[in-house]
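Report on the following structure.
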Amino acid sequence: MRILSGIQPSGALHLGNYFGMMKPAIELQDQGDAYYFIADWHSMTSLTDPAMRRQYSLDVALDFLACGLDPKRTVFFRQSDVPEVAELTWMLSTVTPMGLLERCHSYKDKLAKGLSFNHGLFAYPVLMAADILIYDSNVVPVGRDQKQHVEVTRDIAIKFNEQYGETFVLPEPRIRDEVAVVAGTDGQKMSKSYGNTIEIFGDEKATRKKIMGVVMDSRTPQEPKPDADQNLAVQLLKLVAPVEVARDFEARLRAGGLGYGDLKKALFEHYWDHFAEPRKRRAELVANLDFVHQVLRDGAAKARALAATVLGRAKRNAGLV
Ligand code: ADP
Ligand code: TRP
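Per our numbering, the sequence shown starts with residue 6, numbered consecutively.
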């Protein structure tokens with residue numbers, strides 16, 4: 006089984022990225038042949054500062070390695086180090102109906118927000134399809150917001166296979182229900198673009214402040230809260246604290262008598278402890294950047310070798326060679 010996923014270097018990674026995609030991806034690295042990459046081409050649709058792209062790309066590498074991605078068991082690389090992907094993107098775009106892209110939620114959402122649209126933003130799912138198909142991927146671990154893009158990838162693969170004969174493996178998304186959508190400090194989906202994130206490796210003081218700012222209602226501490234399971238801080242606590250601790254806080258909130266401030270303090274402490282080990286590993290990696298660059302170079306070489314094989318198959322079938 007080949008497992009593949011990517012993440013954009015478009016900002017500091019957060020708990021939504023971690024629980025929705027990185028942790029599931031890291032846990033899958035033992036169950037097959039795992040390919041994980043930094044989607045730097047994708048980041049060009051939203052981020053235009055070269056220095057920031059460079060910094061965020063390195064940060065994604067550091068974060069992923071610190072969180073447990075094992076470069077001995079996975080192929081970890083930067084998207085743009087595999088130019089074959091751009092070649093395949095063009096080929097796929099010629100079998101992609103416009104309507105398929107026009108129906109994508111992410112496209113419609115961005116359109117509704119009045120973003121000025123470049124072609125890259127519109128064609129983004131075609132690049133993502135090339136990312137997935139060029140490695141003969143079977144399983145794609147992602148958060149729920151990416152499900153439709155994997156379905157589009159399947160549709161594109163089916164079209165190409167119909168047109169040019171059996172070429173691509175059909176991938177499927179792998180989504181963990183319990184973390185399909187991690188909520189941010191304001192209750193919406195946690196996202197780099199909404200300014201509501203809790204970073205995985207945020208600065209202590211700033212993150213404490215963010216966590217103390219998690220949105221609550223105005224009920225008094227004494228009031229029993231029958232909807233305690235809906236409470237944002239309780240939901241986040243369930244991700245970072247041992248189950249029995251989270252259950253205990255939920256029960257105290259339900260019964261009444263627990264103030265939101267105390268709940269949030271506990272959330273911060275558990276969050277901080279949860280990432281203590283990765284934080285240490287990350288600091289070690291920062292002191293050894295040559296290792297990180299070498300991991301990405303080795304990963305790119307392996308990824309390119311596989312990509313060239315699959316691209317060759319597609320070109321033969323399409324009559325390009
Ligand atoms: P963002 O919305 O912050 O820009 P990305 O689109 O770069 O995040 O997402 C990277 C990965 O993390 C994707 O697999 C996505 O599904 C997952 N992800 C992002 N935010 C969340 C969230 N709030 N809950 C669950 N998964 C998420
Ligand atoms: N579009 C994904 C996101 O924003 C990132 C991505 C690019 C990706 N190519 C991919 C994810 C291929 C999975 C597979 O999160």
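We put the CB at the ideal spot given by N, CA and C, even for glycine.
Of the residues the options, the one placed nearest residue i, counting alpha carbons only
i: A44; options: P176, G11, L316, M96; result: G11
i: H19; options: D68, M49, L52; result: D68
i: V300; options: F206, T79, E167; result: T79
i: P76; options: A30, H47, Y61; result: A30
i: R179; options: M57, A211, V144; result: V144
i: K28; options: D38, P283, A238, P130; result: P283
i: A306; options: P14, P130, F81; result: F81
i: R238; options: A271, L290, E209; result: First, the residue type needs correcting, since residue 238 is Ala and not Arg in the sequence shown. For A238, the nearest C-alpha among the options comes from A271.
i: A246; options: V220, G262, G119, D278; result: D278
i: G262; options: L241, R224, L126; result: R224
i: L74; options: R286, A323, L325; result: R286
Residue i - DSSP class collapsed to helix/strand/coil
i: Y332; result: Because the chain in this structure spans residues 6 to 326, residue 332 falls outside the shown range and cannot be described.
i: L311; result: helix
i: L93; result: helix
i: T212; result: helix
i: N8; result: This sequence places Ile at residue 8; Asn is not what is there. The answer is strand: DSSP assigns I8 an E or B state.
i: K4; result: Summary: the structure shown does not reach residue 4, with the chain confined to residues 6 through 326, and so no result is reported for it.
i: P176; result: coil
i: R108; result: coil
i: V300; result: helix
C-alpha distance - residue i paired with residue j, whole-angstrom precision
i: L132; j: I8; result: 18 Å
i: V65; j: Y23; result: 11 Å
i: R302; j: G192; result: 39 Å
i: H275; j: T314; result: 46 Å
i: P226; j: G266; result: 9 Å
i: Q36; j: M6; result: 8 Å
i: Y169; j: L97; result: 11 Å
i: D234; j: L116; result: 34 Å
i: R321; j: N166; result: 13 Å
i: Q34; j: N123; result: 35 Å
i: T99; j: A71; result: 40 Å
i: L294; j: G264; result: 44 Å
i: A211; j: A308; result: 38 Å
i: N236; j: M103; result: 41 Å
i: D114; j: F280; result: 33 Å
i: Y61; j: L52; result: 10 Å
i: A292; j: M195; result: 30 Å
i: R108; j: E171; result: 26 Å
i: R58; j: D253; result: 42 Å
i: T138; j: V157; result: Checking the displayed sequence, the identity of residue 138 turns out to be Leu instead of Thr. In a straight line, the C-alpha of L138 is about 12 Å away from that of V157.
Test: residue i CB closer than 9 Å to a CB of chain C
i: A117; result: The structure shown has no chain C; it contains just one protein chain.
beta-carbon residue i near ligand 2 non-hydrogen atom, thresh 8 Å
i: Y129; result: yes
i: G11; result: yes
i: A44; result: yes
i: L132; result: yes
i: D136; result: yes
beta-carbon residue i near ligand 1 non-hydrogen atom, thresh 8 Å
i: H337; result: Nothing about residue 337 can be read from this structure; the chain reaches only from 6 to 326.
i: F24; result: yes
i: S121; result: no
i: D150; result: yes
i: S198; result: yes
i: G125; result: no
i: M195; result: yes
i: S142; result: no
i: G189; result: yes
i: T225; result: no
Check: residue i C-beta below 8 Å from any heavy atom of ligand 3
i: V155; result: For ligand 3, the structure offers nothing, since it holds only ligand 1 and ligand 2.
Meets three-Cβ-pair contact criterion under 8 Å: the region 199–213 and the region 256–263: no
Contact between the region 204–218 and the region 227–236: three or more CB pairs below 8 Å? no
Do the region 135–150 and the region 180–187 touch if we need at least three Cβ pairs shorter than 8 Å? The region 135–150, when compared against the region 180–187, does touch it at the 8 Å Cβ threshold.
So does the region 86–102 actually touch the region 305–314, counting three or more Cβ pairs closer than 8 Å? The region 86–102, when compared against the region 305–314, does touch it at the 8 Å Cβ threshold.
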